[in-house]
Structure formats: structure tokens, C-alpha cells
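Taking it in order: structure first as C-alpha cells, then the write-up.
In full-length UniProt numbering, the protein residues as written are 1 to 279.
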């Protein structure tokens with residue numbers, strides 16, 4: 001099983017293909033396998049790297065009392081160093097997008113391009129967003145401890161779809177991934193959820209991210225995530241937005257063909273044959 005040491009843990013990763021490197025960072029409570037369709041489509045032209053974020057999949061948890069985006073970003077930095085990745089494009093979805101933007105802002109010269117999918121930045125912009133990010137997410141923790149993440153998340157997706165039609169996407173895709181993935185420890189689940197609820201405490205200077213950035217979001221995504229997508233487009237120096245039709249929060253799973261085509265177009269435009277930034 002391929003692993004590298006990142007801070008105080010063993011991090012599982014998979015590297016495939018050849019060419020300019022593209023690193024994928026998965027969503028919370030899933031693992032590297034959520035990117036399987038993108039990896040299969042792109043590894044003929046690019047070196048694709050997927051990995052399991054701290055506490056997920058085959059990557060170790062830790063005795064850390066809390067997890068933060070800065071900690072996850074430090075793990076990502078160690079992964080780059082251990083695998084000798086030269087200026088990769090980083091693609092993150094949801095939690096992965098939070099990690100990717102945190103890393104990109106802290107190390108603006110370390111990457112060539114950035115893809116932020118179905119994610120948001122630290123500032124909480126409205127009362128509704130505050131309720132969802134600070135109240136609803138924290139309220140999930142006690143039932144997760146009692147009933148397990150699968151039952152609680154399924155109920156939460158059902159409720160979300162009743163209020164925000166289609167935002168949960170096709171949850172069967174998530175269930176399928178869970179069936180073939182290692183079960184997460186409840187304490188790790190708790191620390192991951194809390195890291196998201198505390199993202200507003202993280203400093204991310206979006207203006208420092210000067211590389212080409214693609215912002216993707218599902219057509220049926222939560223309204224506040226769409227608002228953050230628009231803010232990325234207005235704030236990041238070199239950014240383009242693309243709405244994924246017929247998709248919710250996990251847009252790469254809900255409409256993999258469109259997502260992958262958009263990603264390929266961005267990579268082709270951003271990287272030339274020698275891996276430099278394109279126009």
C-alpha cells in the first residue's frame with residue numbers, strides 16, 4: 001500500500017499516468033476513490049495523484065484534538081515534497097476545495113493552476129449561511145456519535161433536498177463509494193465536521209492566488225455555495241466559472257462527463273506540453 005509520511009501520519013496515495021501533475025483532494029467523509037472517473041479519463045495525458053485526507057480512507061487518523069484547514073494544507077505540502085511534485089494543478093471539491101484554496105494562498109508559487117469545485121471561502125456572508133455552517137453542521141455531531149455517519153448523512157441529504165431541491169444530488173453515488181471504502185472512525189468524523197464549521201476562523205488571502213483558477217459548481221448547488229463561487233470569480237485575479245448542469249453538491253459524481261470535460265479544457269488551456277502556464 002503506497003503511503004508517505006505527512007507530519008505525524010501515514011498518508012495513502014495513488015499516482016497514475018505521465019505528464020504534468022494534477023492532484024485531486026476529495027470531499028469530507030469520502031476518500032480518493034471519488035475521483036476515479038476523472039483519473040481514468042485524464043491519466044493518459046497527465047500524472048494524476050489522489051490521496052486520502054487525514055482521518056479518511058486508508059490514511060491514518062491522529063491524536064490531534066482538533067483538525068484545521070491549515071493542518072490539512074500542511075499535510076498536502078508534505079505530500080508534494082515526498083512525491084517530488086513540481087507545480088501541480090490542484091483540484092479540490094467541497095472540503096477538498098477548502099484545503100486547496102488554503103494551500104494555494106499560503107504557497108502561491110508552488111502550484112500552476114487551481115480548481116475549486118462546490119466549495120466556499122472562510123467568510124460567512126449571510127444569516128442563512130451562518131445557520132447552515134455553524135448550527136446545522138454542529139448539530140449533526142451528537143446523532144453521528146449515536147447512529148453513525150451513514151444514517152445521519154442520508155437523513156440530512158433528504159432534508160436538504162426538500163428545502164433546496166436537488167442540492168444533495170444523486171446520493172446513491174456516495175453510498176456506492178462508501179460500500180467499497182474503509183469505515184471512518186467516529187472521532188475522526190467529528191473532528192472533520194468541526195474543521196468545516198470552524199473554517200471561518202482560517203485566514204485565506206484569495207488575492208494571493210494568481211494562478212489560473214477554474215470554479216465549478218452544480219446547477220442545483222446550495223445558494224450560499226453559488227454566492228461564494230461568484231465571489232471567487234470576482235476576487236481571484238485569474239478565474240473562470242462554470243455551472244455543471246444536472247448536478248448537486250458532488251458535481252463530479254452527479255455529472256462526471258461534463259465535469260471531466262470542463263476540467264480537461266482548463267488543463268489544456270493552462271498547461272502546454274512542457275507544463276508551463278498557458279494563455
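Note that CB positions come from ideal geometry on N, CA and C, so glycine has one too.
Since we're looking at a predicted model, the values are computed, not measured.
Exercise. So does the region 114-129 actually touch the region 48-68, counting three or more Cβ pairs closer than 8 Å?
Worked result: no
Exercise. Among 112, 140, 204 and 255, which residue has its Cα nearest to the Cα of residue 268?
Worked result: 112
Exercise. How should residue 168 be labelled, buried or exposed, when 16 other C-beta atoms within 10 angstroms of its C-beta is the threshold for buried?
Worked result: buried
Exercise. How do the region 126-135 and the region 92-112 stand: do at least 3 beta-carbon pairs fall below 8 Å, yes or no?
Worked result: no
Exercise. In angstroms, rounded to a whole number, what distance separates the CA positions of residue 245 and residue 201?
Worked result: Between residue 245 and residue 201, the C-alpha separation is close to 32 Å.
Exercise. Got a sec, what are the start and stop residues for the alpha helix (DSSP H) residue 92 sits in?
Worked result: Note, residue 92: premise wrong, no alpha helix (DSSP H); beta strand (DSSP E) at 89-93.
For this session: Put residue 51 into one of helix, strand or coil per three-state DSSP.
Result: strand
Problem set entry | Host beta strand (DSSP E) of residue 242 (start-end) | 239-244
Exercise. Taking 7 Å as the line, does the beta carbon of residue 221 fall inside it for any heavy atom of the ligand SAH?
Worked result: Although the ligand SAH was asked about, the structure shown includes no ligands whatsoever.
Exercise. How many whole angstroms separate the CB atoms of residue 9 and residue 59, which I take to be in contact at a CB cut-off of 8 Å?
Worked result: 6 Å
Problem set entry | Beta-carbon proximity list for residue 82, same chain, < 8 Å, skipping 5 on both sides | Answer for residue 82: 4, 5 and 6, listed in chain order.
For this session: Would you list, in sequence order, the uninterrupted beta strand (DSSP E) runs of no fewer than 3 residues that lie entirely inside the region 96-180?
Result: 113-117
Exercise. By Cβ distance, which residues of its chain are closer than 7 Å to residue 247, with the 5 residues on each side in sequence left out?
Worked result: 169, 218, 219, 220, 254 and 255
For this session: Please report how far the alpha carbon of residue 20 lies from the alpha carbon of residue 45, in whole angstroms.
Result: 8 Å
Exercise. Which residues does DSSP pair with residue 213 in a beta bridge?
Worked result: Its beta-bridge partners are 114 and 239.
Exercise. According to the Cβ coordinates, are residue 115 and residue 216 closer than 8 Å?
Worked result: yes
Problem set entry | Nearest to residue 62 (by Cα), restricted to the options 235, 188, 252 and 243 | 188
Exercise. In whole angstroms, what is the alpha-carbon distance linking residue 16 and residue 47?
Worked result: 6 Å
For this session: Identify which residue in 39, 97 and 18 has its Cα closest to the Cα of residue 225.
Result: Checked all of 39, 97 and 18; the closest Cα to residue 225 is 97.
Exercise. What is the residue span of the beta strand (DSSP E) that residue 16 lies within?
Worked result: 9-16
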